[in-house]
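Just below is one structure, and these are the notes that go with it.
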Amino acid sequence: MTGETGKRSYVVGQTEIAARPLEPALYLVATPIGNLADITLRALETLAAADVVACEDTRVSRVLLDRYGIRRRTTAYHEHNAGEAGPKLIAALQAGQSVALISDAGTPLVSDPGYRLVGEALDHGIRVVPIPGPSAPLAALTASGLPSDAFLFAGFLPVKTGQRLTRLEALKAVPATLIFFESPRRLAESLGAMVQALGGERKAAIGRELTKTFEEMRTGTLQVLADHYAAADTPKGEIVVCVGPAEAKAEEPEDIDRLLLSLAAEMPASKAASEAAKMTGGQKQALYRRLLELRDRP
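For the sequence shown, position 74 matches number 84 in this note's numbering, and the numbering has no gaps at all.
Okay, structure coming up:
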């Protein structure tokens with residue numbers, strides 16, 4: 011497997027920039043999720059310099075490459091041909107070539123089969139280099155107003171009703187913001203299932219067409235959002251659903267005392283109070299004072 015020979019460059023504005031040579035490796039290149047201006051300079055140089063550009067859909071990737079004057083031949087690597095295309099890419103890497111892997115949009119390996127190729131590359135001792143950039147889950151999370159200190163990307167929910175509810179029940183107790191991809195035509199049904207399995211009071215956000223002309227972020231409780239999309243016309247575009255974690259239940263004083271003493275046995279008092287505050291939602295200063303009181307007891 012070989013890429014095109016000749017000039018390797020990319021164009022920014024009216025300026026053509028020569029791409030520096032790449033070391034042999036598998037490069038995971040993040041590409042825009044909508045707005046083509048979101049591409050990074052490092053991503054452009056990597057795509058222009060790579061011996062092989064492997065992409066999910068060559069027609070989609072061609073739009074991006076043409077926009078920046080990158081004249082590289084592309085090869086398809088996707089869910090349906092991974093068994094055949096993967097070994098060819100590994101062979102190219104073993105032969106000392108550089109391979110850039112991109113998906114249709116966003117960061118490779120997020121909800122696509124690229125992880126198989128990465129696993130094979132690592133098994134063969136091939137270097138894997140991430141070229142970070144746009145990511146739909148992170149874009150939605152940061153704009154959602156939901157807790158971002160802990161989150162779980164759960165991909166697409168199952169299509170069948172029973173399997174969807176089972177999956178949501180398994181995620182119900184996860185103490186983190188949940189992030190899903192969903193198709194527009196299944197959004198209303200999935201939100202209804204989330205209300206049933208997770209509870210309608212949870213805070214949530216729907217990101218649609220992120221970074222594109224008709225970008226929209228709609229926030230509210232799961233029940234409010236489910237009611238809205240049940241009554242509205244089927245939305246258009248790419249959808250990301252963020253669901254906040256369940257509200258922490260108020261702890262009994264005795265339980266908090268046990269937690270404080272348990273934590274204090276493994277770390278300094280100040281750190282124990284800080285950790286207890288994160289776990290219970292309480293005030294660090296108050297928990298610290300309570301821990302000192304417990305320690306002073308005879």
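Beta carbons are placed, not taken as given, at the ideal position from N, Cα and C, and that holds for glycine.
If you run the structure through DSSP and keep just helix, strand and coil, what is residue i?
i	result
K98	helix
Y87	coil
K213	strand
R18	coil
T229	strand
R307	coil
T290	helix
G93	helix
G13	Below a pLDDT of 50, predicted positions are generally treated as unreliable, and G13, at 49, falls in that range; the measurement from the model is reported next regardless. DSSP places G13 in coil when its eight states are reduced to three.
E26	strand
R195	helix
Y37	strand
V62	strand
V205	helix
R82	coil
A279	helix
I141	strand
G254	coil
G165	strand
G155	coil
G247	coil
T68	helix
L220	coil
L188	strand
I266	helix
A274	helix
G116	strand
A110	strand
Compare the C-alpha of residue i against each of the options and name the closest.
i	options	result
A146	L111, E248 and N91	E248
T290	L270, L304 and R299	L270
K294	A279, A101 and R305	A279
R30	L46, A53, R196 and L38	A53
V39	L119, H90, V22 and T68	L119
P255	T221, A286, E211 and A242	E211
F166	P185, L197 and G93	L197
G124	A283, P97 and G135	P97
R126	K281, A95 and E55	A95
K213	T171, A240, H134 and E257	E257
T171	A183, A160, H90 and E199	E199
K222	R83, A101, G23 and A115	A115
L132	Y37, A59 and E276	Y37
T314	I136, G23, D243 and G217	Residue coverage of the chain in this structure runs from 11 to 308, which leaves residue 314 outside it and unanswerable.
Y20	V70, R82 and R69	R82
Please look up how many angstroms separate the CB atoms of residue i and residue j, rounded, as I've assumed it's under 8 Å.
i	j	result
L181	A164	6 Å
I80	L57	5 Å
L301	A274	6 Å
C65	I112	5 Å
G330	I27	Residue 330 lies beyond the range of the chain shown here (11 to 308); nothing can be said about it.
G93	E219	33 Å between Cβ atoms; not a contact.
L304	D267	6 Å
Hey, residue i and residue j: beta-carbon distance below 8 Å or not?
i	j	result
L337	L188	In this structure the chain extends from 11 to 308, so residue 337 is not present and cannot be described.
V253	A150	no
A203	L178	yes
L74	T41	yes
Y87	L103	no
S158	T229	no
A35	V128	no
D61	Q107	yes
V205	Q233	yes
V63	A105	no
P245	P194	yes
A8	L156	Coverage of the chain is limited to positions 11 through 308, which leaves residue 8 absent and any answer about it impossible.
L46	R77	yes
S121	F191	yes
R72	T84	yes
A160	A186	yes
Just checking: is the beta-carbon of residue i within a distance shorter than 8 Å of some beta-carbon in chain D?
i	result
K182	No chain D appears in the structure shown, which is made up of a single protein chain.
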